[in-house]
Amino acid sequence: MQPDTTLRPAPLTSAAIPPHERAKPLAKGSTYPAKDLCSQCGLCDSRWVAYVNDSCAFLHQRFEAMETAAHGRSRDLDHEDELYFGVQQRMLTARLQQPIAGAQWTGIVSRIGVRALETGLVDAVLCVGQSEDDRFTPVPRLARTPEEVLSARVNKPTLSPNLEVLEQLPGSGIKKLLAIGVGCQIQALRAVQPTLPLEELFVLGLPCVDNVSRQGLQTFLESTVSSPNTVVHYEFMQDFRIHFRHSDGREETVPFFGLDTPKLKNVFAPSCLSCFDYTNAGADLVVGYMGASFGRQWLTVRNPKGQQLLDLVEAELDTAPVTSAGQRQAAVQQGIEAYDKAVKLPLWVANLIGFFVERFGPKGLEYGRFSIDSHFTRNALWLRRNHPDKVEEHIPAFARRIISRYRLPD
Ligand code: FAD
Ligand code: SF4
Ligand code: SF4
30 MQPDTTLRPA
40 PLTSAAIPPH
50 ERAKPLAKGS
60 TYPAKDLCSQ
70 CGLCDSRWVA
80 YVNDSCAFLH
90 QRFEAMETAA
100 HGRSRDLDHE
110 DELYFGVQQR
120 MLTARLQQPI
130 AGAQWTGIVS
140 RIGVRALETG
150 LVDAVLCVGQ
160 SEDDRFTPVP
170 RLARTPEEVL
180 SARVNKPTLS
190 PNLEVLEQLP
200 GSGIKKLLAI
210 GVGCQIQALR
220 AVQPTLPLEE
230 LFVLGLPCVD
240 NVSRQGLQTF
250 LESTVSSPNT
260 VVHYEFMQDF
270 RIHFRHSDGR
280 EETVPFFGLD
290 TPKLKNVFAP
300 SCLSCFDYTN
310 AGADLVVGYM
320 GASFGRQWLT
330 VRNPKGQQLL
340 DLVEAELDTA
350 PVTSAGQRQA
360 AVQQGIEAYD
370 KAVKLPLWVA
380 NLIGFFVERF
390 GPKGLEYGRF
400 SIDSHFTRNA
410 LWLRRNHPDK
420 VEEHIPAFAR
430 RIISRYRLPD
């Protein structure tokens with residue numbers, strides 16, 4: 030008798046198996062496809078490397094498609110706030126009424142992660158812990174408990190391979206995930222989202238600029254701060270100073286305008302010198318500080334999922350509307366020229382400029398626009414000089430419109 034083959038599943042051809050199930054992560058130390066522009070986002074350290082050509086933020090920029098898929102529409106370039114800060118349904122400033130000790134600011138991000146687990150909104154939170162022997166070496170993890178989320182608080186201000194943990198998803202039982210990350214990580218995550226073994230993905234984004242390798246961070250600290258090895262926390266703040274905290278609790282501040290620009294010009298990672306995703310276009314909710322007054326955090330809700338994340342903590346926040354004051358344009362134009370000449374100002378001059386800029390310079394959203402303008406123009410110049418072939422494809426429409434408002438040197 031002939032066997033009944035109709036009851037058997039069709040033999041799997043390699044075409045029926047999704048690419049990521051056939052792929053292997055790249056070996057550590059490989060040359061990653063984005064080469065010198067790679068931000069080490071971690072995608073290539075997972076089997077989702079299979080999609081790298083269409084997903085890597087540095088091979089293929091796809092802001093419009095990403096925004097449309099995540100938020101239902103791309104940003105309105107004629108709406109000044111959307112041009113700068115991306116798709117939004119709400120912007121506000123806030124601080125946790127009971128700040129979390131040791132967090133970067135007041136800890137809104139960690140608190141959302143904790144509440145997302147406690148309420149069962151998600152099964153795990155993708156966040157970044159630190160290595161046991163170095164506070165600034167990032168160790169991405171899938172946190173399953175509030176304690177694990179809390180222990181990942183505070184920035185590790187170096188490139189972090191967040192997406193390497195995707196490799197742990199299959200077989201983990203995680204179906205609902207909250208991913209915390211910076212723009213380049215989120216661009217790659219959004220691109221592979223339809224292929225992930227998840228039922229639900231929430232994305233909590235951080236704004237990000239001027240990131241560095243661990244070695245680059247050492248150069249930065251050594252040229253900027255009195256005792257580089259005791260720094261436990263630092264932030265570029267809205268008073269135009271960098272605030273450093275040392276392990277003995279001592280605070281030290283350095284004016285932006287006093288940085289050793291000649292030494293620091295090449296300290297930032299090439300990925301970050303070619304990045305235009307400062308405000309994390311693909312996240313559901315973005316939590317930063319630069320659009321808020323000193324000491325507060327700045328939140329952009331992009332879509333209903335972002336509001337769902339904010340709902341988890343809103344009752345614990347002291348909130349206020351966003352505000353804006355001052356004029357940034359002249360300061361940005363002067364900054365472009367000073368940066369290009371790579372001058373290091375004497376400390377007293379730097380302090381004097383800082384004094385006037387802090388009192389009369391841009392504040393609130395205008396400070397955010399000051400920072401975006403300064404970084405987009407610098408990065409356009411860097412790209413033009415170092416990767417002229419990429420300029421056309423790589424700079425998104427919203428950034429081109431912003432850059433066109435300034436005179437760039439040749
Ligand atoms: P916390 O509760 O302390 O939580 C911090 C979270 O950051 C943790 O969940 C951790 O998982 C995550 N994290 C830590 N290191 C990394 C990393 N390397 N990559 C990805 N995720 C990480 N905001 C601005 O407004 N302007 C900026 O220019 C700006 N630059 C930034 C640059 C970097 C590299 C990073 C990581 C953040 C930056 N931010 C910036 C965001 C800001 O500094 C705070 O992280 C944010 O406001 C949240 O503060 P919090 O107290 O709520 O965070
Ligand atoms: Fe791969 Fe990420 Fe590097 Fe692009 S940035 S090459 S996706 S690791
Ligand atoms: Fe990624 Fe841009 Fe941040 Fe660099 S500046 S780590 S490329 S988001």
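Going by my numbering, the letters in the sequence shown line up with residues 30 to 439, in that order.
Built from N, CA and C at the ideal position, the CB exists for glycine as well.
Small disclaimer: the values here were computed from a predicted structure and weren't measured.
Exposed or buried, what is residue i when buried is set at 16 or more other beta-carbons lying within 10 Å of its beta-carbon?
i, result
"Asp-439", "exposed"
"Arg-104", "buried"
"Ala-344", "exposed"
"Asn-258", "exposed"
"Gly-136", "buried"
"Asn-295", "exposed"
"Thr-34", "Legend: pLDDT at Thr-34 = 37, less than 50; position of this residue unreliable, no value from coordinates given."
"Leu-288", "buried"
"His-49", "buried"
"Ala-181", "buried"
"Arg-434", "exposed"
"Asn-415", "exposed"
"Ile-431", "buried"
"Arg-102", "exposed"
"Ser-400", "buried"
"Ala-45", "exposed"
"Gln-267", "buried"
"Gln-31", "Confidence is the limiting factor: at Gln-31 the pLDDT is only 43, short of 50, which leaves the residue's position unreliable and the question unanswerable from this model."
"Ser-403", "buried"
"Asn-332", "buried"
"Pro-40", "Residue placement at Pro-40 is poorly supported in this model, since its pLDDT is 43, which falls under 50; the coordinates still yield a value, given next. By the neighbour-count rule (16 or more Cβ atoms within 10 Å), Pro-40 is not buried but exposed."
"Ser-84", "buried"
"His-100", "buried"
"Gln-214", "buried"
"Ala-172", "buried"
"Phe-385", "exposed"
"Leu-106", "exposed"
"Pro-417", "exposed"
"Ser-139", "buried"
"Leu-155", "buried"
Measure the Cβ-Cβ separation of residue i and residue j and say whether it is below 8 Å.
i, j, result
"Ser-255", "Lys-292", "no"
"Phe-286", "Leu-410", "no"
"Val-232", "Gly-115", "no"
"Leu-192", "Leu-230", "no"
"Thr-329", "Met-120", "yes"
"Arg-274", "Val-261", "yes"
"Val-351", "Leu-381", "no"
"Asp-306", "Ala-86", "yes"
"Thr-290", "Ala-349", "no"
"Thr-224", "Tyr-80", "yes"
"Gly-18", "Asn-309", "It is not possible to answer for residue 18, since the shown part of the chain is limited to 30 through 439."
"Lys-204", "Asp-163", "no"
"Val-178", "Val-143", "yes"
"Asp-347", "Ala-123", "yes"
"Pro-299", "Leu-66", "yes"
"Val-342", "Thr-406", "no"
"Gln-118", "Glu-111", "no"
"Ile-141", "Leu-338", "yes"
Which residue's Cα is closest to the Cα of residue i: the options?
i, options, result
"Cys-237", "Gln-247, Ser-303, Lys-334, Leu-381", "Ser-303"
"Ser-75", "Ala-45, Tyr-61, Leu-66", "Tyr-61"
"Thr-148", "His-404, Gly-335, Gln-363, Asp-340", "Asp-340"
"Val-157", "Val-138, Lys-185, Ala-130", "Lys-185"
"Ala-428", "Lys-419, Arg-279, Tyr-263, Asn-408", "Asn-408"
"Arg-388", "Asp-418, Gln-356, Lys-419", "Gln-356"
"Gln-197", "Ala-56, Ala-98, Arg-170, Trp-327", "Arg-170"
"Ser-189", "Arg-173, Ser-160, Gly-202", "Ser-160"
"Glu-369", "Leu-55, Leu-437, Phe-385, Arg-173", "The amino acid occupying residue 369 in the given sequence is Asp; Glu does not appear at that position. The shortest C-alpha separation from Asp-369 is found at Leu-437."
"Leu-376", "Ala-56, Arg-270, Lys-334", "Arg-270"
To which residues does DSSP link residue i through a beta bridge?
i, result
"Arg-270", "Pro-284"
"Tyr-263", "Phe-273"
"Thr-348", "Ala-123"
"Val-168", "Gly-158"
"Ser-10", "No information on residue 10 is available, as it lies outside the stretch 30 to 439 that the chain covers here."
"Leu-192", "Per DSSP, none; premise fails for Leu-192."
"Asp-163", "Ser-160"
"Trp-327", "Thr-122, Gly-317"
"Ile-209", "Leu-233"
"Ala-153", "Leu-206"
Requested in this report: Count the C-beta pairs between the region 86–100 and the region 420–428 that are closer than 8 Å, then say yes if the count reaches three, no if not.
Outcome: Of all C-beta pairs linking the region 86–100 to the region 420–428, three or more are shorter than 8 Å, placing the two stretches in contact.
Requested in this report: Assess, as a yes-or-no matter, whether the region 66–79 is touched by the region 209–221 under the definition of 3 or more beta carbon pairs within less than 8 Å.
Outcome: Touching, yes, given that three or more Cβ pairs across the two stretches are closer than 8 Å.
Query raised in the report: Counting Cβ pairs, one atom from each stretch, are 3 or more of them under 8 Å apart for the region 319–339 and the region 391–405?
Result: Touching, yes.
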